[in-house]
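Trainee:
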Amino acid sequence: MSYQQEYARSIEDPQGFWKEKADAISWFKAPQTILSKDENGIDRWFADGELNTAYLALDYHVESGRGEQTALIYDSPVTGSKRKYSYNELLDEVSRTAGMLASQGVGRGDRVVIYMPMIPQAAMAMLACARLGAIHSVVFGGFAPNELAVRIDDAQPKVVLSASCGIEVNRIIDYKPMLDEALSIAKHKPVASIVFQREQSPAALDGSIDHDWMTLLASAEAVGCTPVLATDPLYVLYTSGTTGKPKGVVRDNGGHAVAMHYSMKAIYNMEAGDVFWAASDVGWVVGHSYIVYAPLIRGCTTVFYEGKPVFTPDAGAFWRVASEYKVRALFAAPTAFRAIKKEDPEGALVQQYDLSALDTIFMAGERLDPPTYEWTVEKTGKPVIDHWWQTETGWAIAGNLAGVELLPVKPGSATVPVPGFNVQILNESGEPAGANEQGFVAIKQPLPPSCLPTVWGDIDRFRSGYLEQFPGYYVSGDGGYLDEDGYLFIMGRVDDVINVAGHRLSTGEMEEVVAGHPAVAECAVIGINDSLKGQLPLGLILLKNGVDQDPAELEKELVQMVRKEIGPLACFQRALVVSRLPKTRSGKILRRSLRQIAAGEEYAIPSTIDDPASLPEIEALMAEAGVISVPA
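At position 425 of the sequence shown (counting the first as 1) the number is 425 in UniProt numbering, and the numbers step up by one without a gap.
#1: Does residue 532 pass the burial test, meaning 16 or more other C-beta atoms within 10 Å, or should it be called exposed?
#2: Figure out for me which residue from 537, 593, 592, 576 has the closest Cα to the Cα of residue 568.
#3: Is the distance from the Cβ of residue 230 to the Cβ of residue 49 below 7 angstroms?
#4: Check each candidate in 130, 315, 134, 115 and name the one with the smallest Cα separation from residue 175.
#5: Which residues mark the beginning and the end of the alpha helix (DSSP H) in which residue 568 is found?
#6: Are the Cβ atoms of residue 535 and residue 513 separated by less than 7 angstroms?
#7: Measuring straight from C-alpha to C-alpha, what distance separates residue 245 and residue 456?
#8: Can you have a look at residue 28 and say buried or exposed, based on whether 16 or more other CB atoms are within 10 angstroms of its CB?
#9: Return the CA-CA distance between residue 64 and residue 87, expressed in angstroms with no decimal places.
#10: Please classify residue 335: does DSSP put it in a helix, a strand, or coil?
#11: Pull up the distance between the alpha-carbon of residue 123 and that of residue 73, whole angstroms please.
#12: With a cut-off of 8 angstroms on the beta carbons, I'd call residue 542 and residue 519 a contact; round off their distance for me.
#13: Between 140, 626, 547, 98, which lies nearest to residue 286 when the distance is taken from Cα to Cα?
#14: Is residue 452 helix, strand or coil when you go by DSSP?
#15: Fully enclosed by the UniProt domain "Acetyl-coenzyme A synthetase N-terminal" (3-56), which beta strand (DSSP E) runs are 3 residues long or longer?
#16: For residue 118, does the three-state DSSP call read helix, strand or coil?
#17: Quick test of the definition: if touching needs 3 or more C-beta pairs under 8 angstroms, does the region 440-447 touch the region 476-494?
#18: Quick check: the Cα distance between residue 109 and residue 581, rounded to an integer number of angstroms?
#19: Closer than 7 angstroms by C-beta to residue 559: which residues in its own chain qualify, once you throw out the five before and the five after it? Chain order, please.
#20: Looking at the structure shown, is residue 188 part of a helix, part of a strand, or coil, going by DSSP?
#21: So residue 71 packs on residue 296, CB below 8 angstroms; how close in whole Å?
#22: With which residues is residue 84 paired in a DSSP beta bridge?
#23: How close, in whole Å, do the beta carbons of residue 451 and residue 393 come, if the pair is a contact with beta carbons under 8 angstroms?
#24: Over what stretch of residues does the beta strand (DSSP E) that includes residue 239 continue unbroken?
#25: Curious, which full-length alpha helix (DSSP H) runs of at least 4 residues does the region 192-222 contain?
#26: Quick check for students: name the residue ranges of the beta strand (DSSP E) that lie wholly in the region 428-503, counting only runs of 3 or more.
#27: Which runs of the alpha helix (DSSP H), 4 residues or longer, sit entirely within the region 345-387?
#28: Quick check on residue 176: does DSSP put it in helix, strand or coil?
#29: Name the residue from 485, 352, 476, 484 whose alpha carbon lies nearest to the alpha carbon of residue 492.
#30: Assess, as a yes-or-no matter, whether the region 328-338 is touched by the region 189-204 under the definition of 3 or more beta carbon pairs within less than 8 angstroms.
#31: Take every Cβ of the region 52-61, pair it with every Cβ of the region 178-187, and state whether three or more of those distances are shorter than 8 angstroms.
#32: Evaluate contact between the region 297-307 and the region 273-285, counting only Cβ atoms and requiring at least three cross-stretch pairs below 8 angstroms.
#33: Given that a residue counts as buried once 16 or more other Cβ atoms are within 10 Å of its Cβ, and exposed if not, what is residue 618?
#34: Can the beta-carbon of residue 267 be found closer than 7 angstroms to that of residue 420?
#35: Look at the alpha carbon of residue 418 and the alpha carbon of residue 7, and state the distance between them as a whole number of angstroms.
#36: Residue 233 to residue 111, Cα distance in whole Å?
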């Protein structure tokens, strides 16, 4: 079937299309109701179906006679460790980990926060929660204590699972002190904190709720799979919101499993037994979807990599892993390949490895700039596929479907909408835009399976954040256009969330931290273009009257504050002191105009501006500081 036929059927007969895809996975009770509305009036898929996601990922393959196949490869250049787990072995580990959680009272519907590095136990923890029908919420290992505390208070977990430390290129990050601080800050108190001890830096377990992972596991009994409804939550994953309060994206079990299974073939062209590597982290949606769940549901071998694209030990790390394990598809963010290109511009290290098994390289998480696309194609000789998706959807909204029909590539475009996603470009009035006309990227309802049905505990925030701006549509928050061939071009966020190395971060949250400095009267944080990370935050600081502080010293203090409160992932490194911030007469800071200046774009002074001279003044200051991009 051609792409056009597949896509047209998904839009014209969504229930027939998704029933066929649902029939391809193993249900405990097959759904009879394919699409319906829930009590909040939200579209839900397979509402009367019953299944278990861990069963699909593990037990099903063992029962099908493929238990000796490798399920998970752990490769950790930062520790020198490597290990392979068969489906039999992984099933045993997950069943006992589920028993460990059950011994602490965890059952169907309970939440478990997972604060762990890229070690196999993180995947085991996620699958163990799924096995019990519990809801996991993974927080990226090393996130600052207050950020972890906010998530603990929102998810209200019965248990927190952690490791004693994470390991970076040249340093060890002790997790337990950060977890302890988060638990002291959080209003909600879990009943247990279970810590996996790593030999590089074991943690002292002296809290009243602390338990040693391996001690509990040794006495745990293996448990079976708890049947859950398709509409029961599998996990909650927090993503930045413009208010500064993170949004808990809810993922259901049934729609997610169907979409994961379908996407592994349709998008990535993977068959059972193939080796798939998503070079990401379980803290992000890519790690949930394409390190843990989708490859295992499809019966593939997944690679769990604890390292970096460079410096572990060099810029050949990706090629070494792909060669050693005969990876068929590699998926990473463009920022990873920009880092490799920076360290090995001629691609000399690529030539040292046998990449004959590698069919395709996929990139997502941020816009794939044409120079990175062209360098990767030239140096590897492999097809490079850009695709665009969000935490909220859990899988690609647009891409070039390797398992259906590969279309000609247009650098800068994520290619075409994926089956199930009725992508439209709308203008300010909610009317469809013409070809090549920029507007709001929206998806006409119903959204396909796997997309979020709500924000955890806050249906009103879900409606206001995604559904109310254009009734009948989900608004992605990104701007872009469709060209005359139906190719989608994403141009960037239309709100104040920036994308740093594939990680969405709230500038509003950074502003809150910066504004807490005693010298700061007011501030704005915007995203500026960066050749390596895509975007970086830039702070514009208005000092309090009478304050006389050295700007360089202030910048250092603000960098440390943001690092402590949000974490090093924010990459907050620059702060410029300004004499005034451009505002509307109503007091709103003109962030869009500031972003245009920083991007080197032409800008018009808005008619609503209170002080027309403020924008040219800041433009001169940015130029002097060297933060204005040269337009492409």
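For each residue, glycine too, the CB sits at the ideal point set by N, CA and C.
Quick caveat, the model's predicted, so the values are computed rather than measured.
Mentor: A quick look at the data gives this:
#1: Along the sequence shown, read from residue 1 onward, the residue named residue 532 stands at position 532. Per the 10 Å Cβ criterion, exposed.
#2: Locating residue 568 in the sequence shown gives position 568, counting from the first residue. Per the Cα distances, 537.
#3: Residue mapping note: residue 230 aligns to position 230 of the sequence shown, counting from 1. Residue mapping note: residue 49 aligns to position 49 of the sequence shown, counting from 1. With contacts defined as CB atoms closer than 7 angstroms, residue 230 and residue 49 qualify as a contacting pair.
#4: Your numbering for residue 175 matches position 175 in the sequence shown. The candidate whose alpha carbon is nearest that of residue 175 is 115.
#5: Along the sequence shown, read from residue 1 onward, the residue named residue 568 stands at position 568. Segment: none, residue 568 is in no alpha helix (DSSP H) and carries neither H nor E.
#6: Position 535 of the sequence shown holds residue 535. Position 513 of the sequence shown holds residue 513. No. Outside cutoff.
#7: Counting from one through the sequence shown, the residue named residue 245 turns up at place 245. Counting from one through the sequence shown, the residue named residue 456 turns up at place 456. Near 12 angstroms, if we compare the C-alpha coordinates of residue 456 and residue 245.
#8: Stepping through the sequence shown from its first residue, residue 28 is reached at position 28. Exposed.
#9: Against the sequence shown, residue 64 aligns to sequence position 64. Against the sequence shown, residue 87 aligns to sequence position 87. Rounded to the nearest whole angstrom, the CA to CA distance from residue 64 to residue 87 is 11 angstroms.
#10: On the sequence shown, position 335 is the one that residue 335 refers to. The answer is helix: DSSP assigns residue 335 an H, G or I state.
#11: Your numbering for residue 123 matches position 123 in the sequence shown. Your numbering for residue 73 matches position 73 in the sequence shown. Cα to Cα, the separation comes out at about 11 angstroms.
#12: Within the sequence shown, the letter at position 542 stands for residue 542. Within the sequence shown, the letter at position 519 stands for residue 519. Not confirmed; about 10 angstroms, so no contact.
#13: As a first step, residue 286 must be located in the sequence shown, where it is residue number 286. Per the Cα distances, 140.
#14: As a position in the sequence shown, residue 452 is number 452, starting the count at 1. Of the three classes helix, strand and coil, the one that applies to residue 452 here is coil, per DSSP.
#15: 35-37, 43-45
#16: Here the question's residue 118 lines up with position 118 in the sequence shown. Correct three-state label for residue 118: coil.
#17: yes
#18: One-based indexing of the sequence shown puts residue 109 at position 109. One-based indexing of the sequence shown puts residue 581 at position 581. Going by the C-alpha atoms only, they are around 48 angstroms apart.
#19: Sequence index remark: in the sequence shown, residue 559 carries index 559 (1-based). 572, 573.
#20: Here residue 188 corresponds to residue number 188 of the sequence shown, with the count starting at 1. Under the three-state reduction of DSSP output, residue 188 falls in the coil class, being neither helix nor strand.
#21: The residue labelled residue 71 in the question sits at position 71 within the sequence shown. The residue labelled residue 296 in the question sits at position 296 within the sequence shown. Indeed, because the Cβ distance is near 6 angstroms, the residues count as touching under 8 angstroms.
#22: Within the sequence shown, the letter at position 84 stands for residue 84. DSSP, once it has assigned bridges, lists 73 as partnering residue 84.
#23: Against the sequence shown, residue 451 aligns to sequence position 451. Against the sequence shown, residue 393 aligns to sequence position 393. Their Cβ separation, rounded to whole angstroms, is 5 angstroms, which keeps residue 451 and residue 393 in contact under 8 angstroms.
#24: By 1-based counting over the sequence shown, the position of residue 239 is 239. Run containing residue 239: 233-239, per the beta strand (DSSP E) assignment.
#25: 213-218
#26: 439-444, 473-482, 488-493, 497-500
#27: 370-380
#28: Numbered from its first residue, the sequence shown carries residue 176 at position 176. Here residue 176 sits in helix by DSSP.
#29: On the sequence shown, position 492 is the one that residue 492 refers to. It is 476.
#30: no
#31: Contact fails: fewer than three Cβ-Cβ distances are below 8 angstroms.
#32: yes
#33: Position 618 of the sequence shown, counting from 1, holds the residue named residue 618. By the neighbour-count rule (16 or more Cβ atoms within 10 Å), residue 618 is buried.
#34: Walking along the sequence shown from the start, residue 267 turns up at place 267. Walking along the sequence shown from the start, residue 420 turns up at place 420. No, the pair does not count as a contact, with Cβ atoms beyond the cut-off.
#35: Position 418 of the sequence shown, counted from the start, is the residue given in the question as residue 418. Position 7 of the sequence shown, counted from the start, is the residue given in the question as residue 7. Approximately 7 angstroms, taken between the alpha carbons.
#36: On the sequence shown, residue 233 is found 233 positions in, with the first residue counted as 1. On the sequence shown, residue 111 is found 111 positions in, with the first residue counted as 1. Answer to the nearest angstrom: the Cα atoms are 10 angstroms apart.
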